[in-house]
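Following: one structure in structure tokens, then a few remarks.
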Amino acid sequence: MPLATAYNPVDSMKYVVVTGGVLSGLGKGVTASSIGVLLKSAGLRVTAVKIDPYLNTDAGTMSPFEHGEVFVLDDGGEVDLDLGNYERFLDISLTKDNDITTGKVYDSVIQRERRGDYLGKTVQVIPHVTDEIQNWIERVSHIPSDGNGKSPDACVIELGGTVGDIESAPFIEALRQFQFRVGKENICFVHVSLIPVMGPVGEQKTKPTQHTVKDLRGLGINPDMLVCRSKSPLVDDTRDKIAAFCHVSPDEVISAHDVSNIYQVPIMMDGQGVTNLLGSKLGFKVPEERKILDDWKEMANHVDFLESAEEVHIALAGKYTDLSDAYLSVIKALQHASFRVDRKLVIDWIESSELDDETKNSNPEKYDSAWSVLKKADGILVPGGFGIRGIEGKIKAAEYARKNGIPYLGVCLGLQVATIEFCRNVLSLENANSTEFEKDTENPVVIFMPEISKTHMGGTMRLGSKPTPFLRECKIKKLYGGVEFVDERHRHRYEVNPDLIEKIEHAGLIFVGKDDSGERCEIMELENHPYYVGTQYHPEFKSRPSRPSPPFLGLLMAASGLKI
Ligand code: GLN
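Count along the sequence shown from 1, then add 1336; that gives the number in my numbering.
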């Protein structure tokens, strides 16, 4: 077996700044993560910073409808989903400070002002806010993130939004100044742009890119590399034209055309010399042997190969089903598990409210079609969520899985609805419910946790990584490799009512893992069922392409007919 890519230390921290132009949603996050993979393949320790120019101090109070999922970190940070991309691509664990927002920066500046740190000076965007941003980036870039406890060698910084936005102006200015602070030989600017294809012959248009680069240069930043998103590979003429108008050489114009799967992106970039360009710009040698990249290629090709493999259908009964970004980490965790069982994953999205009796009466066709999708699935997943909409449908989905021996995984809310269902239908606790959905329910099966704030929403849930010891041998413990306890990430306000646990367990739904106080239910597993598991935590956040999350792997194994 070849050795892992050899560590290739550098003399000082290297920064790669990724900005974007023309429009949002061009895949800046994937570009930035892929650059991270290439730096890592050259033997550098890599970390990442995401800058979100909005005013919220974190993503915790933001609707998944608008912003996609809220990603949760070990330290309980509720952050932008791009941090999930970094963690998965680079196999690192970040902190809440790796996500910088305008709100956080101003909060810190205002606190300093109140402490008198500015010695009576007028506090201004330049230099106080821009200094704060630079200090923040420098500080965070040194936080160890790969589990070795060592400071990283390189930091990829992604600036959200598009260049020219009012909101991002202080960040652009801070980054402009930053190149002088850290030295130009230690920083590389990558700008992601769009090349639209127009007309009957499919001409690749460069004007939007010319304009966005002009904007960026007008703000004092010369890009070292342009990553051009387009449907098809850039032709030489397009590349030459961009080079001529954008003050870069043709080999610094990178074609980021559509590829078969996202794991091919680093490979596509490496094939165009991106790693060597980064090496010559930042002063590190690219080793001949790059095991990390070889592994990455193997994985990308395996994912392509699975396109023609046998399908496994997982019904996802959720609330934001027309917006898959709202469940990004869940989708990724399912995908990672499908790579391991060698099946082509098909997610059948079900709007859970369509499974309930109300829809049965108001729109029987919709109801029937939702049920027929659910019944055809090889496995059922109920993800996390908040609020009452769709709850009764989720309870029905859990009931169907329990009664028919269909593999089921309930994440957070998915554990809670499975417990409610069990109490209603097995323990005959009529109208059993969560106090989240019915405040004065006569049978409170899921209750508000005592330590949670009743008045404040932001950052007040039970958040982040907490240990869960296993209390007995069970399938889920086996899936985790027989470990004594797991450390997974949480984000919830409610819990299974501890007063009911004995009764529930007596009837066969066992809480095989509790928190270290021994009181709070964390993992449930139903006896005499192929796979019926719920976790109060969110295992999806720690899933990695080469290390699928065990509860998700269990679901995919059971759904594919494999024995656990
Ligand atoms: N709404 C539930 C709670 O707060 C579940 C949360 C979740 O699924 N993340 O406990």
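By construction, the Cβ of each residue, glycine as well, lies at the ideal position given by its N, Cα and C atoms.
Bear in mind the structure is a predicted one, so any value in this text is a computation, not a measurement.
Residues bridged to residue i [DSSP beta-bridge criterion]
i     : result
G1715 : I1650
Q1460 : According to DSSP, which records beta bridges pairwise, Q1460 is partnered with nothing at all.
M1860 : F1847 and G1870
Y1351 : C1491 and I1523
N1769 : P1780
W1707 : Per DSSP, none; premise fails for W1707.
Y1744 : I1716 and Y1868
Y1830 : F1784
A1592 : R1565
R1840 : One point to set straight first is that residue 1840 is Ile, not Arg, in the sequence displayed. Its beta-bridge partners do not exist; DSSP assigns none.
Contact test: residue i Cβ vs the ligand GLN heavy atom, cutoff 7 Å
i     : result
F1722 : yes
R1829 : yes
E1820 : no
L1749 : yes
E1855 : no
E1772 : yes
Q1460 : no
Q1470 : no
K1752 : In the sequence as displayed, the identity of residue 1752 is Gln instead of Lys. Flag set: Cβ of Q1752 near the ligand GLN.
Residue i, buried or exposed, once every other Cβ within 10 Å from all chains shown has been counted against 16
i     : result
M1337 : Residue confidence is low: M1337 scores 40 on pLDDT, short of 50, so the model does not pin down where it sits. Its coordinate-derived value is still stated next. Classification of M1337: exposed, given that the 10 Å Cβ count is below 16.
R1451 : exposed
T1466 : buried
L1455 : exposed
L1339 : For L1339, the predicted structure reports a pLDDT of 46, less than 50, and the residue's modelled location is therefore unreliable. The matter cannot be settled from this model.
A1653 : buried
R1575 : buried
G1356 : buried
K1811 : buried
D1394 : buried
D1692 : buried
F1401 : exposed
D1560 : buried
D1453 : exposed
Y1663 : buried
E1701 : exposed
A1669 : buried
D1886 : The sequence given here places Pro at residue 1886; Asp does not occur at that position. By the neighbour-count rule (16 or more Cβ atoms within 10 Å), P1886 is buried.
D1388 : buried
P1345 : exposed
M1797 : buried
Cβ-Cβ distance between residue i and residue j below 8 Å
i     : j     : result
E1772 : V1781 : no
K1813 : V1869 : no
A1673 : P1884 : yes
R1679 : E1643 : no
E1449 : V1459 : yes
S1665 : F1407 : yes
C1564 : T1545 : yes
E1824 : S1801 : yes
E1858 : T1804 : yes
V1358 : T1542 : no
V1353 : L1495 : yes
R1829 : M1860 : no
I1473 : E1509 : no
N1522 : M1349 : yes
E1735 : N1761 : yes
D1594 : V1648 : no
D1416 : K1386 : yes
T1431 : D1411 : yes
CA nearest to the CA of residue i, picked from the options
i     : options                       : result
D1587 : S1789, D1573, V1595 and K1790 : D1573
S1377 : I1603, V1718, S1568 and P1463 : I1603
G1519 : L1749, G1619 and L1892        : G1619
S1360 : G1844, L1629 and H1527        : H1527
L1763 : K1850, V1589, H1842 and F1581 : H1842
L1892 : V1601, I1716 and L1495        : I1716
E1876 : G1720, R1725, E1863 and Y1744 : G1720
C1748 : G1897, V1718 and K1732        : V1718
I1731 : A1713, S1708 and E1757        : E1757
E1863 : G1818, P1743 and G1372        : P1743
F1581 : E1766, R1553 and S1596        : R1553
S1882 : V1819, H1874, F1425 and S1596 : F1425
I1502 : L1391, D1489 and T1397        : L1391
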